[in-house]
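The structure under discussion appears below in the form of structure tokens.
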Amino acid sequence: MSSSDQADVVVIGAGIIGSFTAYYLARAGLDVVVLDPAPGGGASSGNAGMLVPSFSVPMSNPATLLSGLAALRSDDSAVTLNRPLSLRTWAWLGRFAVASRPGRAWKGAVRLHELAVHSRRRYDELVAEENLDLGLGSKGWLWAFHTADALDRQLKTARRLQDIGIRHQELDADAARAIEPGLSDAVTGAVLFPDDRGLDPARATAAVAEAARRRGARFMAERVAAAEGVGSRTTAVRTGQRTVRARWFVLATGADSAAVGGLFGVRLPVEPGYGWSLRIPTSSSPVRHPLMCAEHHVVVNPAADHIRLTGGMAFGGRPETAPCPAALKALRAAAERTVPGLSTLTEPGEPWRGARPMTPSGMPIIRPVAPNVIAATGHGTLGMTLAPATAKIVQTCLLGGRE
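Residue numbers (my numbering): 42 to 444.
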């Protein structure tokens, strides 16, 4: 037998963005219900765990487009395509190609950087006000390169990013190893982004959700199965256990946004971009900084009791919950080429596979999409980075300037 609940706002999705949204809305005095079949799971639990204003160039840019075209011929690419692709995925890729015109990405970079800086301030405020442990680091993000060509390309990007306020330091091989002794002798140079930070994504998501609960938000481990409405307005959502009526509905549903949006009669152009990670327990990390193994697009993020390796960007295929052994082997091998000391970690590690919510433009969708339905999705690789700013935009959509 199902029950009925009432709230001011229903937030669908309890990842980092849904949790931040619940926190700010509950703090503003609203009655908030959060619905998610697996609160704190999904991409928010196993991602690279990076807060990276430096990564503000939207993925829809000429370089990524070329990588995607290469993936049509070979799987040895930063972007891979799991064939056969569905018609929906082909349509999304077509829109992505159109959005990747030269010059367009830099307009998006300015806006993403503004949101990232706003989020950085909000993270610090939250830690201070709620006394939270998010596993935040403060050493920046070090990009390590094996080839001069790749280093030169990144330096061109970094110098252009500097024009919108993103600081960087250019390091030769000796300078790179001076601050990160664990780097391989094959590393020829590096770029340090000092304002970037690492965190523990699962710990951070759980901590923000707990802060929202303390403010009165109610989290329910239930999947939304249907939406009810009168005219163009949504009045309630149904799960298998209950009906929840509300004035507003927020879709913080990540890579599931296209399907969930359909329940509300809304089309959201969000395609899953699959990635995978390996969480290896260790109390003695062979690296000091979060790293990008640049040629292989693998992130190495050290934490107090583990080190996380993250990589992959695959479109198409089925949403399996675990990466294949070959993908994990390649992930670890790529990381060990940059940090040989990783080979001394004998634990097999905890594998994870999840989906990033990708939009064709590379820009998130944070706006009303129906009279009382607001989307907060499509952040791609920047969900952790942009979560607080996204939640504040949602709050403004609902309440104006009211805090």
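Virtual Cβ for every residue (Gly too), placed ideally from N, Cα, C.
Cβ shell of residue i (< 6 angstroms), same chain only, five flanking positions each side left out
i, result
"Q210", "L233"
"G441", "none"
"A247", "G81"
"S95", "I207, F234, D237"
"M100", "G403, G421"
"F137", "S101, P401"
"A112", "Because A112 sits at a pLDDT of 48, beneath the cut-off of 50, its placement in the model cannot be relied upon, and the point is left open."
"D46", "R283, V285"
"A140", "S101, P401, S402"
Residues near residue i by beta carbon distance below 8 angstroms, same chain, minus five either side
i, result
"S127", "G357"
"A267", "V278, R279, L304"
"E221", "L183, A185, A231, V328, R329, H330, L332"
"K433", "Y65, H159, R163"
"S273", "A411, P412"
"V228", "A185, F186, H187, A214, A217, R218, T379"
For residue j and residue i, believed in contact at Cβ under 8 angstroms, the rounded distance
i, j, result
"A253", "A411", "Contact flag wrong, Cβ pair sits at about 24 angstroms."
"V291", "I53", "7 angstroms"
"T188", "V414", "With a Cβ gap of about 47 angstroms, T188 and V414 do not count as contacting."
"L177", "L240", "5 angstroms"
"P364", "R394", "4 angstroms"
"G295", "A84", "6 angstroms"
Beta-carbon spacing of residue i, residue j below 8 angstroms
i, j, result
"G382", "G223", "yes"
"G230", "A219", "no"
"A396", "G314", "yes"
"A150", "S97", "yes"
"L319", "R244", "no"
"A287", "V50", "yes"
"S326", "I348", "yes"
"L309", "L66", "no"
"P398", "T379", "no"
"A375", "H337", "yes"
"S86", "P343", "no"
Beta-carbon contacts of residue i that lie in its chain and below 7 angstroms, excluding the five residues immediately before and after
i, result
"W184", "Q195, A231, V232, M333, A335"
"G353", "Y315, G316, W317, A368"
"A250", "A55, S60, P80, G81, F260"
"A430", "L156, H159, S160, R163"
"D346", "P322, S324"
"L71", "D49, V50"
"E312", "T130, W133, F356, M399"
"H154", "P94, S97, I205, G206, I207"
Short CB-CB distance (under 8 angstroms) between residue i and chain B
i, result
"K433", "Of the protein chains in the structure, only one exists, and it is not chain B."
Exercise. Can you list, in chain order, the stretches of the alpha helix (DSSP H) that have 4 or more residues and sit fully within the stretch 137-213?
Worked result: 145-171, 189-203
Exercise. Which ranges would you report for the alpha helix (DSSP H) in the stretch 277-303 if only whole runs of at least 4 residues count?
Worked result: none
Problem set entry | Three-pair Cβ contact test at 8 angstroms for the stretch 414-428 versus the stretch 154-161 | yes
Problem set entry | Touch test, the stretch 261-278 against the stretch 68-81, Cβ-Cβ under 8 angstroms, three pairs minimum | yes
For this session: Return the chain-ordered ranges of every alpha helix (DSSP H) run that is complete within the stretch 205-271 and spans a minimum of 4 residues.
Result: 214-220, 242-255
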